[in-house]
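See structure below.
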Amino acid sequence: MKIVLFGYGNVGRAVARLIEVRRSYLERIGLYPKLVAVADSSGVAINPRGLDYSKLEEVKQKKGSVGFYPDCGKIGVKAIEIISDRLADADILIEVTPTNIVDGEPGLTHIREALKAGLHVITANKGPLALAMPSLLELARYTGREIMFSGTVGGGTPFIRFAEKCLIGDLILGLEGVLNGTCNYILSSMEGGLSFEEALKKAQRLGYAEADPSMDIDGWDTACKIVILAVHILGIRITLRDVYVRGIRDVTEKDLAEALRRGSTIKLIGSVDSMGKATVIPIEIPRSSPLAVPGNLNALTFHVEDLGSITVVGKGAGGVETAHAILKDLIELKARLRSRSMAT
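Spelled out as structure tokens, the structure:
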């Protein structure tokens with residue numbers, strides 16, 4: 103499997119490292135991944151024989167871009183040129199550039215052009231899916247290629263795969279969950295007596311929150327995830343503009359203290375029902391609720407006909423956790439392609 107990797111920040115570097123350290127296992131199951139091209143915001147590195155992980159890390163750490171990779175690097179070349187100008191022969195695009203919810207770029211173009219060029223796509227980039235998931239899935243079907251995205255929701259916690267594998271054949275009536283570890287950590291810290299500003303600064307120090315946390319605390323990260331879950335699991339054609347969103351900026355220590363006295367807590371809950379009503383809002387819930395998870399944990403409840411409510415809990419997304427989801431997608435892709443070949 104010849105792989106092109108777009109994005110070499112925290113997630114991209116974790117993906118490259120995981121492919122390297124899991125190589126012997128992957129080869130035992132018949133998967134031989136080869137990174138033939140890597141792109142970051144400043145340049146690209148291309149080698150049809152495969153790029154060396156240690157060299158990628160060395161040039162990234164010392165010079166700031168994979169474009170300085172010896173003999174194979176090119177500064178100033180954009181990621182999309184690898185596809186549009188066919189600079190590398192590849193089977194799979196792993197797209198992990200930063201999420202952009204304004205227009206989805208550059209990830210949206212990367213994914214579209216990769217599918218048109220005959221590449222399968224694995225992505226952890228929420229922007230393109232939140233804005234254009236129905237059309238991207240249609241394009242994948244039209245081109246006969248797979249698009250996989252389990253790393254977009256829950257990081258290493260297998261929310262999407264749980265629905266695909268464990269709830270197959272069941273009718274899922276709706277979903278609701280705590281889907282942003284940053285917000286959950288801030289609200290949990292405020293319950294302990296910190297102000298919103300103090301809790302946010304603490305989350306930033308610990309690496310749970312970005313320097314610009316607006317995507318998280320204003321609810322848009324959760325909204326992206328709700329769209330992805332709604333389209334993929336419930337089969338509803340919605341995009342980000344269909345979600346009512348209100349973040350946690352207005353939640354006060356007083357609100358949390360009063361909820362605590364009532365035996366409750368406040369969580370940022372994303373939800374969608376079978377009619378397509380989708381919301382992201384802070385909600386007071388009983389402390390006995392399975393969604394009343396502490397710290398930076400995530401939780402997702404599936405409301406299932408006949409089976410009732412089933413909740414999956416796990417650690418929120420991070421670079422390493424998301425890389426593990428991408429690796430699982432890579433293994434699942436291999437299995438799907440094997441099934442296709444056996445069916446023909």
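Going by the working numbering, the first residue of the sequence shown is number 103, and it counts up by one from there.
Think of the CB as a built atom: it goes at the ideal place given N, C-alpha and C, for glycine as much as any other residue.
Remember, predicted model here, so these are calculated numbers, not experimental data.
For the beta strand (DSSP E) that contains Asn398, what are its first and last residues? Taken as a continuous stretch (DSSP letters only), Asn398 belongs to no beta strand (DSSP E), as it is neither H nor E.
Exposure label - Ser186; buried when at least 16 CB within 10 Å: exposed
Classification of Cys257 by the beta-carbon crowding that lies within 10 angstroms, buried from 16 upward: The residue you asked about is not Cys; residue 257 is Gly in the sequence shown. Gly257 comes out buried.
Need the endpoints of the alpha helix (DSSP H) that Asp272 sits in, please. Looking at the DSSP string, Asp272 is not in any alpha helix (DSSP H), and its letter there is neither H nor E.
Answer yes or no: do Ile182 and Ile105 have a C-beta to C-beta separation smaller than 7 angstroms? The Cβ-Cβ distance between Ile182 and Ile105 does not fall below 7 angstroms.
Do you know offhand how far Arg364's Cα is from Lys430's? 42 angstroms
Same chain, Cβ closer than 7 angstroms to Tyr310, five either side skipped, listed in chain order: Correct list, in chain order: Gly283, Thr284, Tyr287, Asn398.
Given a threshold of 16 other Cβ atoms within 10 Å of its Cβ, counted over all protein chains shown, does Thr424 qualify as buried or as exposed? buried
Quick check: the Cα distance between Thr367 and Gly109, rounded to an integer number of angstroms? 38 angstroms
So within the region 328-416, which uninterrupted beta strand (DSSP E) runs reach at least 3 residues, ignoring any that extend past its ends? 345-347, 366-375, 380-388, 399-406
Rounded to the nearest angstrom, how far is the Cβ of Leu483 from that of Val179, given a contact under 8 angstroms? A query on residue 483 cannot be resolved here, the shown segment of the chain reaching from 103 to 446 and no further.
Straight-line Cα distance separating Val329 from Leu342: 6 angstroms
Since Glu183 is in the alpha helix (DSSP H), which residue starts that stretch and which ends it? 181-186
Runs of 3 residues minimum, wholly inside the region 221-271: which ones carry the beta strand (DSSP E) assignment? 222-225
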